[in-house]
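Inspection log for the structure reproduced underneath, given as structure tokens.
2 protein chains.
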Amino acid sequence: MPRTPMSPELLDLVAARFRAFGEPARLRILEALRGGEQSVGELVADTGLGQANLSRHLQQMLALGLVRRRKAGRYAYYVLTDPDVLRLCDVVCGRLDRENQAQRAVLRSAG
Amino acid sequence: MPRTPMSPELLDLVAARFRAFGEPARLRILEALRGGEQSVGELVADTGLGQANLSRHLQQMLALGLVRRRKAGRYAYYVLTDPDVLRLCDVVCGRLDRENQAQRAVLRSAG
DNA sequence: CAAGTATATAACAATATACTCATACATACA
DNA sequence: TGTATGTATGAGTATATTGTTATATACTTG
Chain A
1387 MPRTPMSPEL
1397 LDLVAARFRA
1407 FGEPARLRIL
1417 EALRGGEQSV
1427 GELVADTGLG
1437 QANLSRHLQQ
1447 MLALGLVRRR
1457 KAGRYAYYVL
1467 TDPDVLRLCD
1477 VVCGRLDREN
1487 QAQRAVLRSA
1497 G
Chain B
1387 MPRTPMSPEL
1397 LDLVAARFRA
1407 FGEPARLRIL
1417 EALRGGEQSV
1427 GELVADTGLG
1437 QANLSRHLQQ
1447 MLALGLVRRR
1457 KAGRYAYYVL
1467 TDPDVLRLCD
1477 VVCGRLDREN
1487 QAQRAVLRSA
1497 G
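Protein chains in written order, with this note's numbering: chain A, 1387 to 1497; chain B, 1387 to 1497.
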């Protein structure tokens, strides 16, 4: 909780981290990994993304440390590095839900 | 905390919300608003962003409901709709700090 | 009413990002 | 050893996003 102005470098890091979550495709991947380790093939099936596309997203998330990779034979298994990662998503989802409800409440009472 | 698969629409909403934080310029604005309401001119001074650029970011954040606007004369004052918005940033910052420290610890013990 | 000031917006150029197809690479297996 | 399979990556296209300049809009004040 820095009260002092954030350095441009830190700003870039934080922004990059947020952008990692700022793509529906990657959110889908995170969601699929909620249940635990998955191979790329399984992720293809679960997310509906193309294999190449998925693989790229995984590389990105790997570089950012969001997921870890384990290779076994010709398979590659990905896991969330830290289940806490999902908490962030849940916070935002919860927030949007609440905003949505508030919005609907307003509409109900007005219209 | 939806266990059921998120609808594409919700995924887009969540992703858009994350992307709002995924830009150093906007993080700077949020940081500047930490202290409370600010006019556009003050924000220009605080953030170092160009006026036009800043204004466009503010419109975006306004559309997403991150900030509210109050007009007084020829001035426009912006506030965070909800201080909780900053908690998200702080969570990510704190996380990055911790990762950084862990990283450094590893380097120290290894090298 | 004219001139000045604060903010918003249109139009553009530059850059980044995602997705796809084809292909490379690595491993397993017949 | 040759072939099939799983994953990663190069290259290209399409789209989105940022920042800038110039200008429009709204308000104030002399």
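Beta carbons are placed, not taken as given, at the ideal position from N, Cα and C, and that holds for glycine.
Check: Check whether the Cβ of G1422(A) lies closer than 9 Å to any Cβ atom in chain B.; Outcome: no
Check: Using only the alpha-carbon positions, how far apart do L1440(B) and D1483(A) sit?; Outcome: 29 Å
Check: By the criterion of Cβ-Cβ separation under 9 Å, what are the contact partners of A1401(B) in chain A?; Outcome: F1407, G1408, E1409, P1410, A1411, R1412 and L1413
Check: With DSSP as the reference, identify every bridge partner of L1466(A), one or two as the case may be.; Outcome: V1453(A)
Check: If you draw a straight line from the C-alpha of E1428(B) to the C-alpha of E1409(B), how long is it?; Outcome: 20 Å
Check: In terms of residue numbering, what span does the alpha helix (DSSP H) encompassing E1417(B) cover?; Outcome: P1410 to L1419
Check: Which two residues bound the contiguous alpha helix (DSSP H) that contains T1433(A)?; Outcome: V1426 to T1433
Check: Beta-carbon within less than 6 Å of E1417(A)'s beta-carbon, same chain only, minus the 5 sequence neighbours each way: which residues are those?; Outcome: none
Check: Could you tell me whether the Cβ atoms of L1452(A) and A1402(A) are closer together than 9 Å?; Outcome: no
Check: In chain order, what residues of the same chain lie with their CB nearer than 7 Å to the CB of R1473(A), ignoring the 5 residues before and after it?; Outcome: none
Check: Answer yes or no: does any C-beta atom of chain A fall closer than 9 Å to that of V1465(B)?; Outcome: no
Check: Applying a beta-carbon distance threshold of less than 8 Å, which residues of chain B neighbour E1485(A)?; Outcome: G1451
Check: For the stretch 1474-1493 of chain B against the stretch 1461-1480 of chain A, are there 3 or more C-beta pairs whose distance is under 8 Å?; Outcome: yes
Check: Is E1417(B) close to chain A, meaning its C-beta is less than 9 Å from at least one C-beta of that chain?; Outcome: yes
Check: Let me check understanding here. Comparing Cα to Cα, which of E1395(B), S1425(B), D1398(B) and R1442(B) lies closest to A1458(B)?; Outcome: S1425(B)
Check: Might you give, ordered along the chain, the residues of its own chain that have their beta carbon closer than 6 Å to the beta carbon of E1423(A), omitting 5 neighbours on each side?; Outcome: Y1463 and V1465
Check: By the criterion of Cβ-Cβ separation under 8 Å, what are the contact partners of V1478(B) in chain A?; Outcome: V1400, R1403, F1404 and L1474
Check: Please name the residue or residues paired with A1458(A) in a DSSP beta bridge.; Outcome: Y1461(A)
Check: According to DSSP, is G1422(A) helix, strand or coil?; Outcome: coil
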